[in-house]
Structures are given as structure tokens and as C-alpha cells.
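Working notes, structure below.
Chains as they are written, first to last, in the UniProt record's numbering: chain A, 1 to 62; chain B, 1 to 790.
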């Protein structure tokens with residue numbers, strides 16, 4: 001049945017898409033530094049926290 | 001007194017204790033950095049790690065060369081007049097706080113657009129508006145907050161940092177094809193005669209063929225190239241049977257599907273290449289933050305100040321010509337050989353000789369490149385251009401251009417020689433047999449033998465064993481350049497040590513006082529005076545002396561390169577060189593000493609002795625059983641008696657060795673058939689390290705200053721050296737065991753191949769199974785080995 005052609009084409013197209021994504025990721029330098037991004041991600045929370053923390057600190061010192 | 005540590009840098013607050021904002025600081029510099037951070041809402045820095053900072057250093061005038069347009073042009077990656085992008089190496093990056101503060105630089109100065117840290121490489125990439133903030137200001141800002149960039153001659157050519165990612169691409173291609181081919185060949189494993197599958201089998205087969213094309217012609221190309229090179233130089237390396245196996249697999253599979261004889265072995269083919277590349281990937285593990293290939297370029301500054309018509313102008317180091325007058329500031333390296341004209345020269349040659357004590361020079365004396373000025377600025381006249389100076393000449397020695405691996409036959413290659421011969425003769429014999437019995441099967445059997453005997457398991461065992469051990473060693477602060485160093489390390493029979501900086505520690509030294517006993521008052525005056533001096537000897541003496549009552553001084557003077565002078569109440573003290581304190585009779589003294597006189601009367605001297613590394617004696621005793629030991633020192637023999645007491649009786653002690661002598665000594669032993677391990681530290685050992693079979697550089701600070709070598713060992717792990725060598729030998733045993741295992745698999749496979757029953761399913765099971773079981777075996781074995789090391 002020709003449905004197998006359709007299925008094969010779809011599955012291979014998806015596989016090739018993933019492969020292209022992988023090559024792109026390597027090319028962009030994503031695998032060059034495998035430590036910093038994992039830490040950088042956590043900083044976003046820290047930045048939000050600073051403001052309320054600061055007011056508490058100020059109250060204490062006053 | 002309770003020991004308080006600095007809130008910013010974590011050093012103990014002994015000298016100047018400052019309390020600010022309810023926090024302790026060890027010096028004004030740390031306090032200032034804290035102030036900068038708190039003013040800009042950046043105190044989050046201290047929440048991430050405890051005391052993450054570094055004490056900022058005085059850097060007046062050091063970066064003046066960064067205002068030179070041609071130097072900026074060389075350093076920046078991008079420069080359109082408004083925006084510049086620069087990548088700076090910052091050795092101090094060590095924790096997540098560092099990443100946080102450096103990526104928030106725009107809060108300290110709004111003209112910095114973005115900054116991004118690469119933690120592994122310890123680099124910072126900054127984009128900034130060059131009209132508002134110059135490169136020099138940027139570097140000064142970084143230095144001010146304790147992140148001084150390290151700019152050396154090596155940064156001179158920026159465009160070169162291209163990363164070689166081809167192995168990742170190849171691995172990706174092979175993995176992608178392997179997965180898809182497995183999936184496409186699934187129906188064939190079970191039932192080919194079934195109606196629907198039979199109908200479409202050609203589609204599946206040709207798809208598999210298509211997927212295998214990039215694997216054979218792109219991912220596996222290194223094996224073909226290496227095999228070709230091996231054949232050309234008449235060397236039977238491991239890549240020859242591998243390349244042969246891949247080629248036979250591909251051709252036979254293609255022939256099979258063209259003539260509809262069978263399904264082919266595309267799954268085994270892609271799987272084989274994938275596993276082989278995986279092994280290569282594992283072996284190629286490197287430590288990004290370490291450099292094993294340092295030459296003088298990474299030590300030299302990029303620019304130096306030239307005095308021209310009484311004006312100070314920064315010039316590039318390469319532009320120095322004979323006769324130029326150069327200004328060398330405090331803490332700067334001397335870039336070329338020259339003659340001292342004026343100033344207090346106190347040159348620290350530790351990068352060159354490993355000797356930590358500074359040498360005093362007088363006007364008219366010759367200065368050598370690589371020395372570091374430590375007492376104020378001096379003026380000198382260049383004797384020649386950079387390329388012709390002493391250090392660069394040492395580096396131009398032929399051995400630095402030789403690749404050590406070329407002359408070294410690894411265990412795998414040694415075995416593969418016999419292996420290739422054996423496989424080819426088995427294949428021929430089997431084919432001859434089948435030609436007689438059943439000629440139709442002959443070609444089948446011939447190819448089957450080559451396929452199944454493809455030594456993928458053998459090719460995998462060494463990369464995985466050595467790669468994993470490399471990782472374990474790295475965790476234990478023993479960093480190897482690549483996996484083959486382990487194999488070479490296992491063959492060592494002679495070990496040669498450098499003395500200063502290698503078996504002695506630069507940081508700690510022992511002192512002894514000779515002379516009249518000092519009264520309590522004098523002792524108090526001595527410590528109080530020392531407290532004000534920043535000279536390395538004063539600092540180490542101050543740290544050793546008991547802290548008596550600190551008295552406040554009425555007067556303090558520091559005479560650069562000579563000594564210090566202090567008065568309190570009616571007493572005065574002079575601390576420094578024999579000549580300075582007015583020592584009556586001069587004697588030749590081999591040791592470094594600090595002389596003291598109070599109220600103009602000579603009292604005595606503190607002599608500094610080398611202090612040997614922890615566990616030295618024990619290490620030498622254990623090494624003595626298995627190895628020939630020798631110590632080559634560039635020093636005089638003042639420590640001879642001391643060393644004799646410490647070390648086993650047969651250790652050879654040779655003194656007064658110049659860098660070239662060391663190199664020749666090693667060459668001589670190698671010519672007599674010895675495998676030499678050289679352990680050294682300074683640039684002066686660079687030649688010896690390169691000449692030896694394995695060169696290990698000992699380093700107190702892993703991130704800066706180790707000469708080109710095969711391995712870098714953290715000084716704190718020095719006493720473990722013997723265990724590391726033993727582990728390397730054990731690793732070779734593991735590889736030999738896995739060779740035996742893969743040999744058993746091959747015998748089983750060969751049975752199927754010779755009898756002509758090799759089905760694709762059997763190959764598809766047997767080949768990955770042997771590879772995976774070898775990988776598992778070597779990984780477990782090396783991990784057990786690693787656990788025994790500490």
C-alpha cells in the first residue's frame with residue numbers, strides 16, 4: 001500500500017529536521033561551553049529577588 | 001584573637017583589618033570593590049558563593065598600551081568605530097558569582113552593551129560602545145573589581161580561535177544514520193517472506209543504502225585517510241583492518257541489494273562507524289581551561305613602553321629594535337635581552353629558572369628576557385629584537401617542532417600489526433577451502449571474515465579505558481594533554497626531577513635566625529616594621545614571626561631593592577641586604593638572607609632555606625624500587641647535604657644545570673634506551689619537558705604559567721605521583737584484558753563466517769554486542785581503578 005511511502009517520507013523528514021537542528025546547534029557554538037549557560041539560567045530568579053531583599057536589609061540597618 | 005576572614009576575598013584579615021557595613025575586609029581594595037557592588041545593586045554577588053572576590057592589584061600605567069589604535073585593532077574581534085567586541089582571558093573566573101558579576105557589567109557601566117562568560121575557557125566576551133568607554137577603561141574597570149584580564153602576546157592574532165567541531169558533526173551524521181538504518185532494517189530481522197514486507201523491501205533497502213552513503217564517505221573518511229597513510233609509510237596500523245572492514249561491508253551490502261541476494265549489513269556498518277567515532281570522541285577529551293602548548297608568547301606582554309625623545313610611547317613587542325630604550329614598570333616582564341641603564345633592578349627569573357628569589361642587578365648589567373621586575377621601574381636598552389633573545393632561542397630548539405606521538409607505537413597499533421596479518425590469512429585460507437568445497441560460497445565467506453573480524457572492539461578498548469582514566473585523573477588534579485600520555489607514562493623507567501619549584505615549594509620556606517638575640521622591644525619593632533612592607537621576603541618573614549605587641553612607628557622608609565627602615569620612640573631598625581644594614585664583614589653566602597641591625601648596630605640575619613614538598617621523602621623511597629631517579633637543578637649545590645639526608649642513597653644529584661644541559665642529559669639517557677619522565681616547573685625546563693617521553697609540569701596555580709608539557713600536576717598532589725604511574729600501568733592491563741574479550745567474540749564470529757552462515761542478524765547482534773560489552777567492561781574497570789586513587 002502506498003500509505004507506507006507516506007509514513008516513511010514523514011518519518012524521514014522529521015528525522016532530517018532533527019538532524020538539521022542538531023547541526024545548527026553545533027554550529028551556533030552551543031556545545032562549546034557546557035557549563036556557563038546552566039548557571040546563567042538561574043540568575044534570572046536572583047535578579048527578581050534582589051529588590052525585596054534590599055528593602056529588608058535597609059530596614060535592619062536603620 | 002579570633003581569626004576573621006575577609007567578606008570579599010576570604011583571606012584572613014591580619015595586616016589591615018577594616019570594618020565596613022558590619023562586614024570584615026582585609027584591605028582597602030576589597031572594601032572598595034564591595035562599595036562599588038553595593039552602590040550598583042550588585043551585592044547578589046555575595047549571595048551566590050562565600051567570599052568570591054580577589055584582591056585588586058595596583059595597575060597604574062600597566063595598560064597604557066591599550067590606547068594604541070593598532071593594538072586595539074589586533075585585540076578586538078569587531079570594530080566599526082562605534083562598537084567594539086573583545087574577548088578577554090580572565091584567570092580569576094572560578095565560581096558562579098564570577099559569572100554573575102561579569103555578565104552584569106552593564107550595571108557598573110551603561111556603555112557596556114553585553115558581556116558573556118565562557119566558564120570552561122575562562123574568557124569574557126564584551127560588547128561596548130567604544131566612543132564612551134575605551135578598551136583601556138574597560139580593562140581598568142575589570143581590574144578594579146578584581147577580574148584583571150590576562151593579555152599576552154598570544155592574543156595578538158585574534159582571528160585564529162576557530163573551533164574544530166568536525167568530530168561532533170561526524171558523530172551526529174553516524175548516529176543519525178545508525179538510528180534510521182536500524183529502524184528501516186527491523187522488518188528484515190523477522191520476516192522477509194511476508195507479503196507486504198516483500199513488496200516494499202527494495203524501498204527499505206535503498207533507503208538504508210542512501211543513509212549509509214554519508215556515513216561511509218563523510219563520517220568514516222578519517223579511517224580511510226589514516227589507513228592510506230599507514231600503508232604508504234608501510235605501517236600496519238589499526239585503521240587498516242577497520243577501513244578494510246568498512247569498505248567490504250559497504251561493497252558487499254551494495255552488491256547484495258543490487259542483485260537482490262540479501263539485505264546487506266547497513267545496520268552493522270553504520271553502527272560500527274558510530275561506535276568507533278564515539279570512542280574517538282571519548283579519547284579527545286580536553287581541558288579547555290588548561291593550555292599544554294604554551295610557549296614564550298603566552299608569557300610575554302603585548303606591548304612595552306619605549307622612551308623616545310623623553311616621551312613615553314607604547315610600542316608593540318615585535319617592533320622593538322636593537323638600541324631602543326625601554327621602560328619596564330614594577331611587576332612587568334622584560335621582553336628582550338638588554339642592558340640595565342638605571343633604576344633598581346630586582347629581577348625575578350622564576351618563569352625562566354624556577355628560582356623564586358629575585359636577583360639584584362646594577363646599571364650596566366645584562367638583563368635576560370623573561371625576568372620580572374619587582375622593585376619599581378627601570379630603564380633598559382634592548383640588545384636585540386624579540387626573536388633573537390635568549391628565551392625565544394630556547395624555544396626555537398628543534399624538539400619543540402617534533403610531535404611526540406609520531407615516534408610512539410601505541411599498544412593498539414602494536415597488536416593490530418599481527419591482527420591484520422592473522423585476519424587476512426584466515427580469510428584467504430577460508431576462501432581457498434570453500435573454493436575447493438563449494439565455490440559459490442567462497443566470496444561470501446571471504447567478505448564475512450573481513451566483516452566480522454573488523455577490530456572495532458579492539459579499536460574501542462583503548463580510547464574508552466584511557467579516556468575514562470583521563471577524566472578520573474582530571475578530577476584528582478592531574479591533567480593530561482591526551483589519552484596516549486597514559487600509555488607512555490606506563491612505560492617509564494627513569495624519572496628526572498627539577499629541584500626549585502618542583503620538589504621544593506615556592507610558597508613556604510623555612511627560616512633560621514643566626515646572631516644576637518633580639519630583645520622583646522626589638523622584636524616588636526621588627527614585626528611592626530615588616531608589617532608595612534610589601535616585599536615578598538618581608539611578607540613571608542612577617543607571617544613566620546610571632547605576632548608580638550604591635551607598636552606604632554614614628555617613621556618608615558622603604559628603599560627599593562635594599563631594605564626597609566623604621567623608628568619607634570628612640571629605637572631605629574634596618575632590615576634588608578647585608579650592605580644596607582651595614583654588616584661589617586662580607587662573606588659569600590649561598591642562601592637568601594635578610595639582615596637586621598638596630599640603632600645602627602648589626603644584630604644578625606634570617607636565612608631562608610628551601611622547604612621541600614610534603615611527602616617528598618616517602619615518594620622518592622617508593623619510586624626508588626621501580627625507577628632510576630635523578631635530580632637536575634639549575635641551582636648551586638648549597639642544598640646538597642639537606643637533599644642527601646632526605647632522599648634515598650642512590651639518587652643522582654646534579655647541580656648547576658643550564659636548560660640546554662638538562663635537555664642533553666635526557667637525550668643521552670634516551671639514547672641508552674631509557675624511557676624518561678621529566679618533572680619540572682619553570683620555562684627553563686621547557687626543553688627538557690619536550691625532550692622527555694613524558695613531561696609533567698608541576699603547578700601551584702593551574703591556570704597560569706606552566707610551560708609546554710604533556711601533563712600538568714597540581715602541586716598539592718605531588719606526593720601521589722607514584723600512584724598515578726601505577727594507575728597508568730593498571731590501565732594498560734585493562735586494555736589487554738579487553739583485547740582478550742574482543743578476541744573471544746571474534747573467534748565466535750569467525751566460526752559463523754568461515755562456515756558460511758553469517759546472517760545479517762548475527763552480525764547486527766554480535767558486532768554491537770562486542771563493542772558495548774567492551775565499553776562497559778573498560779568503564780567499570782577504570783572506575784574501580786579510579787576509586788583506589790585518592
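Beta carbons: idealized from backbone N, C-alpha and C, even for Gly.
- Residues of the same chain with a CB within less than 6 Å of the CB of residue 256 of chain B, apart from the 5 flanking positions on each side, are 262 and 264 in chain order.
- The beta-carbon separation of residue 85 of chain B and residue 149 of chain B, rounded to 14 Å, does not stay under the 8 Å limit for a contact.
- Residue environment: residue 205 of chain B is assigned as buried (16 or more neighbouring CB atoms within 10 Å of its CB, all protein chains considered).
- By the beta-carbon neighbour count (other beta carbons within 10 angstroms, threshold 16), residue 418 of chain B is exposed.
- In the DSSP annotation of this structure, the continuous segment of the beta strand (DSSP E) that includes residue 83 of chain B starts and ends at 83–89.
- Closer than 9 Å to the CB of residue 179 of chain B there is at least one CB belonging to chain A.
- Beyond the five residues adjoining it in sequence on each side, residue 739 of chain B comes within less than 8 Å, by CB distance, of 415, 458 and 461 in the same chain, given in chain order.
- Residue 358 of chain B sits away from residue 335 of chain B, with the two beta carbons spaced by 9 Å or more.
- Straight through space, the alpha carbons of residue 654 of chain B and residue 640 of chain B are spaced by roughly 9 Å.
- Against chain B, the beta carbon of residue 4 of chain A has neighbours under 7 Å at 200, listed in chain order.
- Residue-level contact check: residue 118 of chain B touches chain A, since one or more beta carbons of chain A fall below 9 Å from its beta carbon.
- Within the same chain, 112 come within 6 Å of residue 106 of chain B by CB-CB distance, once the 5 residues on both sides are set aside.
- Interface with chain A (9 Å Cβ-Cβ cutoff): residue 121 of chain B is included.
- Apart from the 5 residues on each side of it in sequence, residue 54 of chain B sits with its Cβ closer than 7 Å to the Cβ of 9, 92 and 146 in its chain, given in chain order.
- For residue 172 of chain B, at least one C-beta of chain A is nearer than 9 Å to its own C-beta.
- In the displayed model, residue 669 of chain B falls within a helix according to three-state DSSP.
- Nearest to residue 619 of chain B by alpha-carbon distance, out of B:610, B:241, B:651 and B:688, is B:651.
- Against chain A, the beta carbon of residue 103 of chain B has neighbours under 8 Å at 40 and 43, listed in chain order.
- At least one C-beta of chain A is nearer than 9 Å to the C-beta of residue 165 of chain B.
- Per DSSP, residue 767 of chain B is one residue of the alpha helix (DSSP H) stretching across 760–788.
- DSSP places residue 221 of chain B outside any beta strand (DSSP E); the residue lies instead in the alpha helix (DSSP H), whose first and last residues are 221–232.
- Ranked by Cα distance from residue 185 of chain B, the first of B:170, B:42, B:202 and B:171 is B:202.
- Among the residues of chain B, those whose CB is under 8 Å from the CB of residue 15 of chain A are 176, 179 and 180, following chain order.
- For the 9 Å CB-CB criterion, residue 789 of chain B and residue 723 of chain B form a contact.
- Residue 597 of chain B is outside the set of residues whose beta carbon lies under 9 Å from a beta carbon in chain A.
- Rounded to the nearest angstrom, the Cβ distance from residue 713 of chain B to residue 498 of chain B is 13 Å, too far for a contact under 8 Å.
- DSSP lists no bridge partner for residue 104 of chain B.
- Taking a Cβ-Cβ threshold of 7 Å, the residues of chain B close to residue 36 of chain A are 99, 117, 118 and 119, in chain order.
- Boundaries around residue 746 of chain B are those of the alpha helix (DSSP H), 721–754, since no beta strand (DSSP E) includes it.
- About 6 Å separates the beta carbon of residue 680 of chain B from that of residue 502 of chain B, a gap short enough to meet the 8 Å contact definition.
- Membership of residue 467 of chain B in the alpha helix (DSSP H) is indicated by the continuous run 456–475.
- DSSP places residue 390 of chain B within a helical segment (H, G or I) once states are collapsed to three.
- By the rule that beta-carbons nearer than 9 Å mark a contact, residue 10 of chain A does not touch chain B.
- Residue nearest to residue 224 of chain B within the set B:199, B:485, B:207 and B:242 is B:242 (criterion: CA-CA distance).
- For the pair of segments examined, the stretch 523–533 of chain B was found not to touch the stretch 760–776 of chain B: the number of CB pairs separated by less than 8 Å stays below three.
- It is roughly 11 Å from the alpha-carbon of residue 29 of chain B to the alpha-carbon of residue 36 of chain B.
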